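S.K.:
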Amino acid sequence: MEIASGGVTNVGRVRTNNEDCFRIVEPMNLYVLSDGMGGEAHGEVASALAVETVVKHCQETENDPAMTIFGDMPAVWSEKTKRLSSAVHLANKSIYDSAQAHPDQRGMGATVTAAWIDGTRLSIAHVGDSRAYLLRSGTLQQLTSDHSLVAEQVRRGILTPAEAERSEMQSVLLRALGAHPEIEVDSEEHTLFGHDVLLLCSDGLTRMVTEPEIAGTLQAEPDPAKASERLVELANEQGGADNVTAVVVRIGGEAKGWFSWLRGGARKTAQKNGSAGGK
Amino acid sequence: MAKLTLMFEDKLVKEVPIGSRPVGIGRSPDNDLPVDNLAVSNYHARVYVEAGRLVVEDLDSLNGTFVNDLRVERATLHDGDSIWVGKHHIKVDASGDTTALGDTGKKGAVAPRINETMVLDTKARRDMLQQAAAMGERTQFAASRLKVPTLVVLSGKTDQKEYVLTNKLTVIGKSKMATVKLKGWFKPQLAAQVNQRDDGYYVGPGDKVPWVNGAPIAGPLRLNDGDMIEVCGLRMNFIFRE
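Protein chains in written order, with the working numbering: chain A, 667 to 945; chain B, 262 to 503.
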């Protein structure tokens, strides 16, 4: 399946520094997003460290599959899901160690939401209140749970989703990278279908822009880079209270049934015959 | 003094104050609020004060206890709530004794406004969740009983008869990667999908629009215990297993 991707991060309209960070590693189909927190410039340090550590570990494991896997995880998971989850454990340790070594960095932390696509398999690893969404058949489905106090209250039936959106405690996280030497990482695997659209975003997007608006934008704009720009614009038009980041990954159409198989076969034959022209 | 008033339609049947002892509700005449109706269990539910909150607890009744529209096993009650058992309802009047019930000054328990993102350590987290529970915004199901969301196949060809929903996203379709695998010719790869969100499980369209309780869904729809889902000749019940 063909994959196209694009991403944008923006400081927003209220803050003066951008503590969000993301990285797209196209050859690996690896996408990592992080939102940092902490005084001075330490939020930026934390999120950059999170993204760097995750990307570096995934790259290294491609060359050295024997590397240690961190954390407990189900044996049925694919190698990539285990690697991605390990990478998030390592990112936690990097930030924690850095904060221990530099007393001025105490209290810094970061969220991370990472996705790795291998064929039709999507691996997700996640800590914090950034999110991964999958737009499929026009429906926006949330692939991650926020590790925030209000989300936990919704899960326990103490708050309704609407009350959670109005809550003054939205920024209180129950889990983030860098707070403790050990961390629990949420990981999962999904199967991708043709025309799926994956979105990774920071809370600066989801607090400003509603899910129907996000779904509409992703459907209206086929180019992933433009779609992520448009989402960031929307967040800023509607207040831009926080840094805002969006990474959009669009999966191409898949061959379906005998009709497209025939067409695909015909196309291959044509290419073999050396006929000129575009695809 | 807080009190409970048993009503049948508009008629007042009985009124009892809430003291230190639990108020029993049920068909048996030795209840504090006896309810003469076959739909009501002998010892159906009880109401008591716990940690300054007024709590209703269902005693494993056959037909359930409802607070306003919501079926509950255990729930915090507020002034003006109605508890429904069978066709009777019980009005909750907590206005006279708000301090004891902790209904006033609940804002005082809330931490000051927080703009910057912060992480709670384990102790602070526990305290905060307890505080939040004490605020009693809308406490319902007892967390002690683990509920397992399950799709039970009633009719249609699938690879299993039951599916426990463990993932954020459950795919129903012919695809070999689908969780609920449909069998047969002309079935779509992706018929429908179920998304686990914070407030529950939502069924959404795939290549087909599923029906829930006899009507096609207009968009992602939150599933309730016992809902009937129909898609591509497959009929399933969504239930929470205890």
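Note that CB positions come from ideal geometry on N, CA and C, so glycine has one too. Since we're looking at a predicted model, the values are computed, not measured.
Nearest to A916(A) by CA position, among S837(A), D889(A) and G785(A), is which residue?
M.R.: On the first sequence, residue 916(A) is found 250 positions in, with the first residue counted as 1. Note on identity: in this sequence residue 916(A) is Arg, with Ala being the wrong assignment. Comparing Cα-Cα distances from R916(A) to each of S837(A), D889(A) and G785(A), the minimum goes to D889(A).
S.K.: Mind the definition here: the region 775 to 788 of chain A touches the region 856 to 869 of chain A only if three or more C-beta pairs lie below 8 Å; say whether that holds.
M.R.: Judged by Cβ distances under 8 Å, the region 775 to 788 of chain A makes contact with the region 856 to 869 of chain A, as three or more pairs qualify.
S.K.: Assign P373(B) to one of two classes, buried (16 or more other C-beta atoms within 10 Å of its C-beta) or exposed (fewer than that).
M.R.: Here residue 373(B) refers to the residue found at position 112 when the second sequence is read from its first residue. Unreliable placement is indicated for P373(B), whose pLDDT of 37 sits below 50; the coordinate value is still reported in the next sentence. So P373(B) counts as exposed.
S.K.: Can you check whether the C-beta of N428(B) is within less than 8 Å of a C-beta belonging to chain A?
M.R.: Your numbering for residue 428(B) matches position 167 in the second sequence. Answer yes: the Cβ-Cβ gap between N428(B) and chain A drops below 8 Å somewhere.
S.K.: Run through chain D and tell me which residues come within less than 7 Å of D468(B), C-beta to C-beta.
M.R.: Protein chains A and B are contained in the structure displayed, whereas chain D is not.
S.K.: What are the boundary residues of the alpha helix (DSSP H) that includes Q885(A)?
M.R.: Counted from its first residue, the first sequence places residue 885(A) at position 219. Looking at the DSSP string, the run of the alpha helix (DSSP H) that includes Q885(A) is E877 to A886.
S.K.: Which residues in chain B sit within 7 Å of H856(A), going by Cβ to Cβ distance?
M.R.: For the purposes of this step, residue 856(A) is identified with residue 190 of the first sequence, where counting begins at 1. Under the 7 Å cutoff, chain B gives L430.
S.K.: Restricting to runs no shorter than 3 residues, where is the beta strand (DSSP E) found entirely within the region 287 to 373 of chain B?
M.R.: Qualifying beta strand (DSSP E) stretches, in chain order: 306 to 311, 314 to 319, 326 to 328, 331 to 333, 335 to 338, 343 to 346 and 349 to 354.
S.K.: Considering only the beta carbon of each residue, do C493(B) and L451(B) sit closer than 8 Å?
M.R.: Sequence index remark: in the second sequence, residue 493(B) carries index 232 (1-based). Sequence index remark: in the second sequence, residue 451(B) carries index 190 (1-based). The answer is no: Cβ separation not under 8 Å.
S.K.: Residues of the region 323 to 348 of chain B in Cβ contact with chain A at a cutoff of 7 Å, in chain order, please.
M.R.: Under the 7 Å Cβ criterion, the region 323 to 348 of chain B contributes no residue.
S.K.: Starting from C724(A) and walking both ways along the alpha helix (DSSP H), at which residues does that stretch end?
M.R.: Locating residue 724(A) in the first sequence gives position 58, counting from the first residue. Taken as a continuous stretch (DSSP letters only), the alpha helix (DSSP H) holding C724(A) covers H708 to N729.
S.K.: With distances taken Cα to Cα, identify the nearest neighbour of Q836(A) among D812(A), D852(A), T682(A) and P847(A).
M.R.: Numbered from its first residue, the first sequence carries residue 836(A) at position 170. Minimum Cα distance to Q836(A) is reached at D812(A).
S.K.: From Q454(B) to S833(A), what distance separates their C-alpha atoms?
M.R.: For the purposes of this step, residue 454(B) is taken as residue 193 along the second sequence, with counting starting at 1. For the purposes of this step, residue 833(A) is taken as residue 167 along the first sequence, with counting starting at 1. C-alpha separation (whole angstroms): 30 Å.
S.K.: Below 7 Å CB to CB, which residues in the same chain sit around P477(B) once its five sequence neighbours on both sides are set aside?
M.R.: Reading the second sequence from its first residue, position 216 is the one you call residue 477(B). Contacts found: V470.
S.K.: Could you check the C-alpha separation between S713(A) and D701(A) for me, to the nearest Å?
M.R.: Stepping through the first sequence from its first residue, residue 713(A) is reached at position 47. Stepping through the first sequence from its first residue, residue 701(A) is reached at position 35. Cα-Cα distance, rounded: 6 Å.
S.K.: Starting from the C-beta of P449(B), find all residues in its chain whose C-beta is less than 7 Å away, skip the five residues before and the five after it, and write them out in chain order.
M.R.: Within the second sequence, the letter at position 188 stands for residue 449(B). The residues are G434, K435, G467, D468, K469 and C493.
S.K.: One question on the structure: do H305(B) and S322(B) come within less than 8 Å of each other, judged by their Cβ atoms?
M.R.: By 1-based counting over the second sequence, the position of residue 305(B) is 44. By 1-based counting over the second sequence, the position of residue 322(B) is 61. A contact, by the Cβ cut-off of 8 Å.
S.K.: Using only CA atoms, which one of L840(A), L865(A), A781(A) and P878(A) lies nearest to V914(A)?
M.R.: The count along the first sequence starts at 1 and reaches residue 914(A) at position 248. The residue with the shortest Cα to Cα distance from V914(A) is L865(A).
S.K.: Give me whichever residues DSSP pairs with T266(B) in a beta bridge.
M.R.: Locating residue 266(B) in the second sequence gives position 5, where the first residue counts as 1. Note: T266(B) sits in a beta bridge opposite E276(B) and K352(B).
S.K.: Give me whichever residues DSSP pairs with S281(B) in a beta bridge.
M.R.: Translated into positions along the second sequence, residue 281(B) becomes position 20. Paired residues: none, contrary to the question.
S.K.: What's the C-alpha gap between V677(A) and G870(A)?
M.R.: Residue numbering aside, residue 677(A) sits at position 11 when the first sequence is read from its first letter. Residue numbering aside, residue 870(A) sits at position 204 when the first sequence is read from its first letter. Roughly 9 Å between the two C-alpha positions.
S.K.: From this set, S289(B), T431(B) and K264(B), which residue's C-alpha is nearest L338(B)'s C-alpha?
M.R.: Locating residue 338(B) in the second sequence gives position 77, counting from the first residue. The shortest Cα separation from L338(B) among S289(B), T431(B) and K264(B) belongs to K264(B).
S.K.: If I'm right that L897(A) touches T883(A) with Cβ under 8 Å, what's the distance once you round it to whole angstroms?
M.R.: The residue labelled residue 897(A) in the question sits at position 231 within the first sequence. The residue labelled residue 883(A) in the question sits at position 217 within the first sequence. At roughly 6 Å, the Cβ-Cβ gap stays under 8 Å, so L897(A) and T883(A) are in contact.
S.K.: Show which residues of chain B have a CB atom less than 9 Å away from the CB atom of P827(A).
M.R.: For this step, residue 827(A) is matched to residue 161 along the first sequence. Those within 9 Å of P827(A) in chain B are R458, D459 and D460.
S.K.: Go ahead and pull the three-state DSSP assignment for L959(A).
M.R.: Only positions 667 to 945 of chain A appear in the structure, and residue 959(A) is not among them; the question remains open.
S.K.: Using a Cβ cut-off of 7 Å, pull out every chain A residue sitting near Q421(B), in sequence order please.
M.R.: Mapped onto the second sequence, residue 421(B) falls at position 160. Result: empty, since nearest Cβ-Cβ is about 17 Å, beyond 7 Å.
S.K.: Have a look at A707(A) and L839(A) and give me their C-alpha separation to the nearest angstrom.
M.R.: Along the first sequence, one-based indexing puts residue 707(A) at 41. Along the first sequence, one-based indexing puts residue 839(A) at 173. Whole-angstrom Cα-Cα distance: 19 Å.
S.K.: Please list, in chain order, the chain B residues whose beta carbon lies closer than 7 Å to that of L809(A).
M.R.: Position 143 of the first sequence, counted from the start, is the residue given in the question as residue 809(A). The contacting residues are K429 and L430.
S.K.: Report the three-state DSSP secondary structure of I761(A) (helix, strand or coil).
M.R.: Counting from one through the first sequence, the residue named residue 761(A) turns up at place 95. In the structure shown, I761(A) sits in a helix (DSSP, three-state: H, G or I).
S.K.: Please classify N729(A) as buried or exposed, where buried requires at least 16 neighbouring CB atoms within 10 angstroms.
M.R.: What you label residue 729(A) is simply residue 63 of the first sequence in a count that begins at 1. Result: exposed.
S.K.: Any beta-carbon of chain A closer than 8 Å to the one on G465(B)?
M.R.: Reading the second sequence from its first residue, position 204 is the one you call residue 465(B). It does; some Cβ of chain A falls within 8 Å.
S.K.: Looking at the unbroken beta strand (DSSP E) that takes in L696(A), where does it start and where does it end?
M.R.: Residue 696(A) sits at position 30 when you count from the first residue of the first sequence. Per DSSP, L696(A) belongs to the beta strand (DSSP E) from L696 to M703.
S.K.: Looking at the unbroken alpha helix (DSSP H) that takes in T872(A), where does it start and where does it end?
M.R.: Start at 1 with the first residue of the first sequence, and residue 872(A) comes out as number 206. Looking at the DSSP string, the run of the alpha helix (DSSP H) that includes T872(A) is D869 to T872.
S.K.: Quick check: is the beta carbon of L884(A) nearer than 8 Å to any beta carbon in chain B?
M.R.: Working through the first sequence from its first residue, we reach residue 884(A) at position 218. With 8 Å as the cut-off, L884(A) does not count as an interface residue toward chain B.
S.K.: Got a sec: is the Cβ-Cβ distance from D271(B) to anything in chain A below 8 Å?
M.R.: Here residue 271(B) refers to the residue found at position 10 of the second sequence. Not closer than 8 Å to any Cβ of chain A, the Cβ of D271(B) fails to qualify, so no.
S.K.: Which residues does DSSP pair with A476(B) in a beta bridge?
M.R.: In the second sequence, residue 476(B) corresponds to position 215, counting from 1. Per DSSP, V473(B).
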